[in-house]
Amino acid sequence: MKKKFQLLALILVVMVTSFGVSASSLIQLEKKSQDASNVLEEVMNIAEKTIPDDLLQRAVCVATVPDIIRVGFVLGARYGTGLVSCRVPGAGWSQPSFVSIKGGSWGAQIGVASVDLVLVFIRENAIEKFSKNNFTIGVDAAVAVGPVGRDAQAGTDYQLNSEIYSYSRARGIFAGLAIQGTLLSVKNKDNAKIYGPSVSTQDILNISGVKSPVIVMPYVHALTTYAP
Numbered sequence: 000m001k002k003k004f005q006l007l008a009l010i011l012v013v014m015v016t017s018f019g020v021s022a023s024s025l026i027q028l029e030k031k032s033q034d035a036s037n038v039l040e041e042v043m044n045i046a047e048k049t050i051p052d053d054l055l056q057r058a059v060c061v062a063t064v065p066d067i068i069r070v071g072f073v074l075g076a077r078y079g080t081g082l083v084s085c086r087v088p089g090a091g092w093s094q095p096s097f098v099s100i101k102g103g104s105w106g107a108q109i110g111v112a113s114v115d116l117v118l119v120f121i122r123e124n125a126i127e128k129f130s131k132n133n134f135t136i137g138v139d140a141a142v143a144v145g146p147v148g149r150d151a152q153a154g155t156d157y158q159l160n161s162e163i164y165s166y167s168r169a170r171g172i173f174a175g176l177a178i179q180g181t182l183l184s185v186k187n188k189d190n191a192k193i194y195g196p197s198v199s200t201q202d203i204l205n206i207s208g209v210k211s212p213v214i215v216m217p218y219v220h221a222l223t224t225y226a227p
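The opening residue of the sequence shown carries number 0 in numbering that gives the first Met the number 0; numbering runs sequentially from there.
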């Protein structure tokens with residue numbers, strides 16, 4: 000554990016020196032990566048109600064956004080930040096990109112203070128959508144409530160229609176959730192703090208996660224564990 004903190008401290012020094020980023024900012028990003036990893040691990044350890052293994056094996060990208068909170072006075076308006084990683088052919092999961100999510104319709108979760116969200120993308124055009132920096136779920140990409148249960152079988156919609164399957168966890172309950180009209184955006188400024196200002200989202204999501212900076216490695220490890 001001591002060596003881990005020493006390594007992280009060294010990485011922070013290098014990034015602060017190279018990219019002119021504050022240490023506190025990098026610590027916040029490291030915490031976000033760890034939080035996203037924790038959400039994914041906790042969700043996958045729910046015995047009867049979890050993301051089906053079959054769906055994760057089909058996943059092209061997986062985004063995890065912990066602690067999405069209500070914002071302002073607009074009914075149902077929410078905001079949160081998290082990470083997304085995509086499969087790199089022959090090289091496992093990619094380096095993670097930071098993302099944000101806001102707005103949208105949250106259905107039964109409208110009165111809940113905080114929601115954790117997992118989005119499973121199963122179409123090959125997912126990276127292309129992220130490379131455009133933002134898109135609206137349910138408008139630019141079809142979304143459906145995700146099936147739950149480790150051995151759940153794919154239904155017709157699961158096979159043919161939707162691009163994204165969504166899940167939420169609130170008040171300790173994990174379930175599929177439809178989130179229409181939600182804006183998913185790439186956080187370019189946060190990515191620049193980790194990877195440098197000249198690296199594009201498409202570059203990040205096409206490079207193997209084994210080359211990831213240590214700050215975002217927890218999320219890569221979680222995906223590699225549950226969706227090898």
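Where a beta carbon is used, it is the ideal one built from N, C-alpha and C, also for glycine.
Practice item. Verify the CB distance criterion: does Lys31 have a CB-CB separation below 8 Å to chain B? Key: No chain B appears in the structure shown, which is made up of a single protein chain.
Check your understanding: Helix, strand or coil for Gln108 per DSSP?
Key -> Confidence at Gln108 is low in this model, with a pLDDT of 48, below 50, so its placement is unreliable and the value that follows should be read with caution. Gln108 falls in the helix class under three-state DSSP.
Check your understanding: From Gly137 to Ser32, what distance separates their C-alpha atoms?
Key -> Distance between the alpha carbons of Gly137 and Ser32: 26 Å.
Practice item. Can you give me the Cβ contacts of Cys60 inside the same chain, cut-off strictly under 6 Å, excluding the 5 residues immediately before and after it? Key: Excluding five sequence positions before and after Cys60, the CB atoms of its chain that fall closer than 6 Å to its own CB belong to Val83, Cys85, Phe120, Ala125, given in chain order.
Check your understanding: Using the C-alpha atoms, what's the distance from Leu222 back to Ile206?
Key -> Inter-residue distance for Ile206 and Leu222 is about 15 Å (C-alpha atoms, whole angstroms).
Check your understanding: Can you tell me where the beta strand (DSSP E) with Asn133 in it begins and where it stops?
Key -> Counting along the chain, the beta strand (DSSP E) containing Asn133 begins and ends at 133-136.
Check your understanding: Whose CA, out of Ser24, Ser36, Ser21, lies closest to the CA of His220?
Key -> Checked all of Ser24, Ser36, Ser21; the closest Cα to His220 is Ser36.
Exercise for review: Could you work out which residue in Leu28, Ala22, Glu29, Glu47 is closest to Ile172 when comparing CA atoms only?
Suggested key: Cα-wise, what sits closest to Ile172 is Glu47.
Practice item. Could you pull out every residue in the same chain whose Cβ sits closer than 8 Å to the Cβ of Ile67, ignoring the five residues on either side in sequence? Key: So the list reads Arg77, Tyr78, Gly79, Ile100, Ser113, Val114, Asp115, Leu116, once near-sequence residues are dropped.
Review point. Taking the alpha-carbon positions, what's the Phe129 to Gly148 distance?
Key: Roughly 28 Å separates the two Cα atoms.
Exercise for review: Find the nearest neighbour of Thr181 within the set Lys188, Ser165, Ile193, judged by alpha-carbon distance.
Suggested key: When each option's Cα is compared against that of Thr181, the closest is Ser165.
Check your understanding: What is the rounded straight-line gap between the Cα of Pro227 and the Cα of Ile50?
Key -> Straight-line Cα distance between these residues: approximately 14 Å.
Check your understanding: With respect to the beta strand (DSSP E) encompassing Ala80, which residues constitute its N-terminal and C-terminal limits?
Key -> Sequence check: residue 80 is Thr here, not Ala. Run containing Thr80: 77-87, per the beta strand (DSSP E) assignment.
Practice item. Please classify Lys241: is it buried, with 16 or more other beta-carbons within 10 angstroms of its beta-carbon, or exposed? Key: This structure leaves residue 241 out entirely; the chain is present only between 0 and 227.
Point to revise | CA-to-CA distance, Ser21 to Glu41, given in whole angstroms | key: Roughly 31 Å between the two C-alpha positions.
Review point. Roughly how many angstroms separate the alpha carbons of Met216 and Gly208, rounded to a whole number?
Key: Spanning the two alpha carbons is a distance of roughly 8 Å.
Exercise for review: Give me the Cα-Cα distance between Leu28 and Pro65, rounded to the nearest whole angstrom.
Suggested key: The straight-line gap from Cα to Cα measures roughly 13 Å.
Practice item. Please classify Glu123: is it buried, with 16 or more other beta-carbons within 10 angstroms of its beta-carbon, or exposed? Key: An exposed status is given to Glu123, since fewer than 16 other beta-carbon atoms sit within 10 Å of its beta-carbon.
Point to revise | Enclosing alpha helix (DSSP H) for Arg57 [first to last residue] | key: Residue range 52-57 is occupied by the alpha helix (DSSP H) that includes Arg57.
Check your understanding: In terms of residue numbering, what span does the beta strand (DSSP E) encompassing Ala62 cover?
Key -> For Ala62, the uninterrupted beta strand (DSSP E) run begins and ends at 60-69, by DSSP.
Practice item. State the start and end residues of the unbroken alpha helix (DSSP H) segment that holds Ala288. Key: Since the first residue of the chain shown is 0 and the last is 227, residue 288 is not available in this structure.
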